[in-house]
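Numbering (the numbering used here), first residue to last: 1 to 117.
Heads up, the beta-carbon is just placed ideally off N, CA and C, and yes, glycines get one too.
As the structure is a computational prediction, the values presented were derived from the model and not from experiment.
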């Protein structure tokens, strides 16, 4: 597996050096080497990789932050009032996932330029 990775990276580097059409992006490089289908394939692969990372990030946040916040704010006991909406959000995995996604991740996804991050 290591040999194939090195060989493919060597081919990508050689293609980027030998061609004038690639301007520093994988999409341009794939279009020079494989045409329009190659460009589309690279774009789809980057989209799926980014989406998979986002889903994994949300799962990790949901599994670790909700119990940690719940224990930090309310302690280890489960004695709480029925009208406590924040405890309900921290207890329900789906509510906490939506809250984290809408408050933290959506604004980051809407940025046009990632330079400030």
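Could you check how far apart the C-beta atoms of residue i and residue j are, in whole angstroms? I think they sit under 8 Å.
| i | j | result |
| --- | --- | --- |
| residue 89 | residue 99 | 6 Å |
| residue 27 | residue 11 | Contact doesn't hold; Cβ gap of about 17 Å is too wide. |
Tell me whether the beta-carbon of residue i lies closer than 8 Å to the beta-carbon of residue j.
| i | j | result |
| --- | --- | --- |
| residue 104 | residue 66 | no |
| residue 30 | residue 41 | yes |
| residue 46 | residue 93 | no |
| residue 91 | residue 70 | yes |
| residue 4 | residue 33 | no |
Start and end of the alpha helix (DSSP H) containing residue i?
| i | result |
| --- | --- |
| residue 50 | 36-74 |
| residue 10 | 2-18 |
| residue 106 | 106-109 |
| residue 102 | Residue 102 -> no alpha helix (DSSP H), and no H or E assigned at all. |
| residue 87 | 85-91 |
Cβ of residue i versus every heavy atom of the ligand SAM: is any distance shorter than 7 Å?
| i | result |
| --- | --- |
| residue 19 | The ligand SAM is not part of the structure shown, which contains no ligands of any sort. |
Got a sec? Which residues, its chain only, sit under 8 Å from residue i by beta carbon, not counting five neighbours each side?
| i | result |
| --- | --- |
| residue 58 | 97, 100, 101, 105 |
Going along the chain, which residues of its own chain have a beta-carbon closer than 6 Å to the beta-carbon of residue i, five neighbours each way excluded?
| i | result |
| --- | --- |
| residue 18 | none |
| residue 20 | none |
Of all the CB atoms in chain C, is at least one closer than 8 Å to the CB of residue i?
| i | result |
| --- | --- |
| residue 35 | Looking for chain C here will not work: only one protein chain is present. |
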